[in-house]
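In what follows, a structure is listed as structure tokens, so that the remarks can point back to it.
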Amino acid sequence: MILDIVSYPDPRLKSICKPVEKVTQDLRILADNMLQTMYAAPGVGLAAPQVGQFIRMVVVDYSAKEDLRMPRVLINPVLELKGEVIVSEREGCLSVPMGYRSNVPRYSHVHLTARDLDWKLIDEELEDFPAIVVQHETDHLDGILFIDRISRLKRTFFDSKVKKWLRRQK
19 MILDIVSYPD PRLKSICKPV EKVTQDLRIL ADNMLQTMYA APGVGLAAPQ VGQFIRMVVV
79 DYSAKEDLRM PRVLINPVLE LKGEVIVSER EGCLSVPMGY RSNVPRYSHV HLTARDLDWK
139 LIDEELEDFP AIVVQHETDH LDGILFIDRI SRLKRTFFDS KVKKWLRRQK
């Protein structure tokens, strides 16, 4: 089932998410629906709060190619940021309207720990694009959008564009 994606400036996107205690059938269905939604959007990652569920779960697919899909469900992800700060060029978000993109500072390398849907431990090092995707999605779990990481000037410009866009939508 394709889920509705919560869009900025909805205040729910600022929510801090609660840890998942155990895997249930409902959680498995949510993960599957999130993957379907992510692929349909299309995107390479989606966090639970983006679909109105305030739990620490994200889905990702670093392959970004339909014929090579490699979906992953990350429950209670924790990142140790490593490496140098690099620029994620033209980063976007399924919850940010108008297809807005901007350069965002991110770390080149992360150590990820999480659980999968079988509650098995995921413990791995990620670099480059996968590291950027996981940083972006785990930010959502703490109420942070990529636009919170851009310069104040760019953010002010973006917010004024969103206000105009929202007025036209009414």
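Residue numbering for the sequence shown follows our numbering, beginning at 19 and increasing consecutively.
We treat Cβ as the ideally placed atom computed from N, Cα and C, and that holds for glycine.
- DSSP lists V78 as the beta-bridge partner residues of G63.
- By the Cβ test, the segment 165 to 172 is not in contact with the segment 144 to 153, since fewer than three Cβ pairs between them sit closer than 8 Å.
- Secondary-structure assignment with DSSP links L130 through a beta bridge to L97, E142.
- Here the alpha carbons of D166 and E39 stand approximately 29 Å from one another.
- Burial state of T42 is exposed, judged by a 10 Å Cβ sphere holding fewer than 16 other Cβ atoms.
- In this chain, the alpha helix (DSSP H) harbouring K179 covers 170 to 187.
- Taking every protein chain shown into account, the CB of P60 has fewer than 16 other CB atoms within 10 angstroms, so this residue is exposed.
- L64 has its alpha-carbon roughly 16 Å from the corresponding atom of K36.
- If the five residues before and after C111 are omitted, its C-beta is found closer than 6 Å to the C-beta atoms of F164, all from its own chain and listed in chain order.
- When only Cα atoms are considered, L144 and P115 end up about 28 Å apart.
- In the three-state scheme derived from DSSP, where H, G and I count as helix and E and B as strand, R30 is classed as helix.
- Here DSSP, grouped into helix, strand and coil, assigns Y118 to coil.
- In the three-state reduction of the DSSP assignment, L21 falls in the coil class.
- The alpha-carbon separation between K32 and I23 amounts to approximately 14 Å.
- For a cut-off of 8 Å, the C-beta gap from P89 to D79 is around 5 Å, short enough to register as a contact.
- According to DSSP, E109 shares a beta bridge with S120.
- Judged by beta-carbon spacing, D134 lies within the 8 Å limit of I93, meaning their Cβ atoms are closer than that value.
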